[in-house]
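Numbering follows full-length UniProt numbering, in which position 108 of the sequence shown is assigned residue number 108; successive positions increment by one, without gaps.
Beta carbons: idealized from backbone N, C-alpha and C, even for Gly.
Small disclaimer: the values here were computed from a predicted structure and weren't measured.
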Amino acid sequence: MANPFVSVVNLGCRVNRVESDRLTCELTQAGFTLVDPDEAELIVINTCAVTGEAEAKTRKAVRHALARPREPYVVATGCAASLHPEMLRDLSDRVSVEPSKVRVVERVCSLLGYEHDDDVESVDVGEVLGHARLGVKVQDGCNNRCTYCIVWKARGPERSVPVDAVLAQVRAAEEAGIPEVVLTGVNLGAYDGTRSGDEHVEIDELLEIVLASTTIPQVRLSSIEPMDVSDRLLATMAEHADRVAPFLHLPVQSGCTDTLRRMARPYTAEDFFGLARRIRDYLPHASLSCDVIVGFPGETDEEFEASRALCENVGFSRMHVFRYSARPGTPAAAMPDQVAPEVMAERSRIMRDLSSRLALADKRLRVGRRERVVLESGRMGTTGSFHRAAVADAPFDAAPAIVWADIMGIDDSGVLVCRMARDRGC
């Protein structure tokens, strides 16, 4: 009998992307054939619920999947499946909800009446995903209670992947020829894994262990909360600058202390700016990106200006700008002084314009420098500082690979124009 055709659709955050990649590998390992959604007998949708808009996209994605030509079953997993399972089940009797991602393959097998062969040959991670980088999920859940956030309810309390299991994922990427791994988690900086003898390992120690125990060419850290960036972490990044991407994504959320207090964020604007300066001391050429929310309840013109000014003074290389979205069941949704939609729209425009200007400024600073570039397709890739780059004289069939490249300029679309560095190894 031919292997059943399945497809995986991802919605939402970086952690969801990593989990969806993992599901793709697990389904292939179980013997399913991965196809485009139009050909699928069953579609797995990894859902998102971070905002009201994200939930609306989840419902739309499920309806769209149900309308595919082969009238597939749909298995919904992820945050929306955890928070609102009945909302998804009510869409169709072909929708099955499985909040637990570790049971998705089992649910798929059950729905399709398929018993996979436990003796199936091992699947090459790189062959299945075709990626130049692999996300390695090391942590899930969050114990913080930011007043705007619903994710802690969907994801549950913090829990960490044991160190040996993390190393196994990195080594799988290494063996598959994947040049970069990205350590990721819902609250990455809260990592508290264990080694033999119940030794506790935090995120800075985990990075040291990965670097010492593997030969993966480049490690990148995903989003990390500002209060979790320690001097030891920065020192490790600086000491291993030839293998750690010079990049940190810091969810600042606001650059105004009063707004941060209402958000229940555990730092001030001054604390954050001090952190940015400390990062520059250790890593002068690192790029910093951020998440920032505009229009949080009670945000005045003065508070917004303070937030805008901090972002400009830090000099982020990219900014993910979000308009505040009230989530039922969160403290912020019941706060007074909700900001008018048209005011949020204007503030979002201003922040996005700032983001474009800062991104260009950061790229200009890199012209004349040398950086590693992860080649992803043809001669296109991503620098360690997380800018898109074209390496004009790289072998066209080299990807996936990592090379040292000299940055010569910026093209009209904002891509860094590079040439292979002749006196550095790959």
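Residue from the options with nearest C-alpha to residue i
i, options, result
"LEU132", "PRO179, VAL186, MET319", "The sequence given here places Ala at residue 132; Leu does not occur at that position. Closest by alpha carbon: PRO179."
"VAL166", "TYR324, LEU207, VAL229, GLY156", "LEU207"
"GLY315", "PHE247, GLY381, ASP301", "PHE247"
"PRO336", "LEU188, ILE43, GLY295", "GLY295"
"LEU234", "THR257, ALA276, ARG262", "ALA276"
"PHE386", "CYS290, VAL343, ALA399, ASP412", "CYS290"
"ILE293", "HIS64, GLY329, ARG347", "ARG347"
"ASP242", "ILE224, ARG220, LEU250", "ARG220"
"ASP192", "GLU174, PRO157, PRO226", "PRO157"
"ASP21", "GLY12, THR33, VAL8", "VAL8"
"GLY378", "PHE304, ARG369, PRO400", "PRO400"
"LEU42", "THR24, ARG308, ARG422, VAL6", "VAL6"
"PRO297", "ARG262, CYS311, ASP281", "ARG262"
"ARG195", "GLU175, SER160, LEU66", "SER160"
"SER213", "ARG171, VAL18, ASP140, ARG370", "ARG171"
"LEU66", "ALA54, SER92, GLU53", "SER92"
"CYS418", "ASP397, VAL373, LEU188, ASP412", "VAL373"
"PHE396", "MET380, ARG388, ASP411", "MET380"
Simplified DSSP state of residue i, which is helix, strand or coil
i, result
"MET1", "Any answer about MET1 is weak, because its pLDDT of 49 lies below 50 and its placement is not dependable; what the coordinates show is given next. It is coil, neither helix nor strand."
"TYR324", "coil"
"MET344", "helix"
"ASP192", "strand"
"VAL415", "coil"
"MET335", "coil"
"PRO226", "helix"
"HIS249", "strand"
"GLU19", "helix"
"ARG220", "strand"
"LEU353", "The amino acid occupying residue 353 in the given sequence is Asp; Leu does not appear at that position. Three-state DSSP puts ASP353 in a helix."
"SER82", "helix"
"HIS64", "helix"
"ILE209", "helix"
"ARG265", "coil"
"MET89", "Residue identity differs from the one stated: residue 89 is Arg in this sequence, not Met. In the structure shown, ARG89 sits in a helix (DSSP, three-state: H, G or I)."
"LEU11", "coil"
"ARG364", "helix"
"ARG388", "strand"
"ARG243", "coil"
"THR330", "coil"
"ARG145", "coil"
"THR259", "helix"
"THR51", "coil"
Chain B contact for residue i (CB, 8 Å cutoff)
i, result
"GLU71", "Protein chains in the displayed structure number just one, and chain B is not present."
For residue i, the residue or residues it bridges with in DSSP
i, result
"SER96", "VAL75"
"ARG318", "SER289"
"CYS377", "Reading off the sequence, residue 377 comes out as Ser, not Cys. Bridge partners of SER377: MET380."
"MET420", "ALA405"
"ARG232", "ARG232 pairs with nothing; no bridge assigned."
"GLY185", "GLN139"
"THR33", "PHE5"
"THR28", "Paired residues: none, contrary to the question."
"HIS200", "THR194"
"LEU42", "VAL6, TYR73"
"ARG370", "ASP406"
"SER254", "BP columns for SER254 are empty, so no partner."
"GLU180", "ARG133, GLN218"
"SER160", "GLN139"
Supposed close pair residue i, residue j - CB separation, criterion 8 Å
i, j, result
"MET237", "LEU288", "The pair is not a contact, with the Cβ atoms about 12 Å apart (cut-off 8 Å)."
"ASN313", "PHE273", "7 Å"
"ARG366", "ILE407", "5 Å"
"THR58", "ALA80", "4 Å"
"VAL104", "LEU34", "At roughly 14 Å, the Cβ-Cβ gap does not stay under 8 Å, so VAL104 and LEU34 are not in contact."
"GLY384", "GLN218", "7 Å"
- Item | Whole beta strand (DSSP E) elements within the segment 269-315, 3-residue minimum | 287-294
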